[in-house]
Amino acid sequence: MPALAGVPVTHRAINHEFVVVSGHLPPGHPESLVNWDALAAMSGTIVLLMAVERIELFAEALLAGGRPADTPVLVVQHGTTAAQHTLRATLADTPEKIRAEGIRPPAIIVIGAVAAFGV
1 MPALAGVPVT HRAINHEFVV VSGHLPPGHP ESLVNWDALA AMSGTIVLLM
51 AVERIELFAE ALLAGGRPAD TPVLVVQHGT TAAQHTLRAT LADTPEKIRA
101 EGIRPPAIIV IGAVAAFGV
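Heads up: the sequence shown begins at 1 in full-length UniProt numbering, then just goes up one per residue.
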């Protein structure tokens, strides 16, 4: 879906890694298998699925782990449908912008330098 918004998840000149993470459990949840500090430390793309409703927690965990506040973010809601909507933000202001625009699931969140493509 990011490609339909003009954003590749990898690009040889920008990053060589990407990870897809389910957001159905928040950071710190006892059943979570995600190492949020490791995600924050990587330089590549993070694709979050099922994360819109907990975006504040995910952004906070990534920022606390050292991911820069100005990291570009792309949110694609209702991807591949006539109702597709995209939102551009930074990691720091993504939660506020998602709430302001009323974005609800289904949506995916792309975090990383590639999210600035097409701007």
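Using N, Cα and C, we set each Cβ at its ideal position, and we do this for glycine too.
CA-CA distance, residue 13 and residue 77? Straight-line Cα distance between these residues: approximately 27 angstroms.
Could you tell me whether the region 61–70 touches the region 80–88, where touching means 3 or more Cβ pairs closer than 8 angstroms? Taking a cut-off of 8 angstroms on C-beta distances, the region 61–70 does not touch the region 80–88, as fewer than three cross pairs fall below it.
Residue 112 classed as buried or exposed, judged by whether at least 16 other C-beta atoms fall within 10 angstroms: buried
Evaluate residue 20 with the Cβ neighbour count: other Cβ atoms within 10 Å of its Cβ, from every protein chain shown; 16 or more gives buried, anything less gives exposed. By the Cβ-count criterion, residue 20 is exposed, with fewer than 16 other Cβ atoms from all chains shown falling within 10 Å of its own Cβ.
Secondary structure of residue 86, DSSP reduced to three states: Here residue 86 carries a strand assignment [DSSP, helix/strand/coil].
Go through the UniProt domain "Tetrapyrrole methylase" (2–93) residue by residue and report every complete run of the alpha helix (DSSP H) that reaches 4 residues or more, in order. 36–41, 55–64
CB of residue 91 within 8 angstroms of CB of residue 67, strictly: Yes. Within cutoff.
Count the other CB atoms within 10 Å of the CB of residue 72; is the residue buried (16 or more) or exposed (fewer)? In this structure residue 72 is buried. Its beta-carbon is surrounded by 16 or more other beta-carbon atoms within 10 angstroms.
So, is residue 105 buried or exposed, given that buried needs 16 or more other C-beta atoms within 10 angstroms? Exposed.
With a Cβ-Cβ cutoff of 8 angstroms, do residue 46 and residue 75 count as a contact? no
In this structure, how does DSSP classify residue 103 when only helix, strand and coil are distinguished? coil
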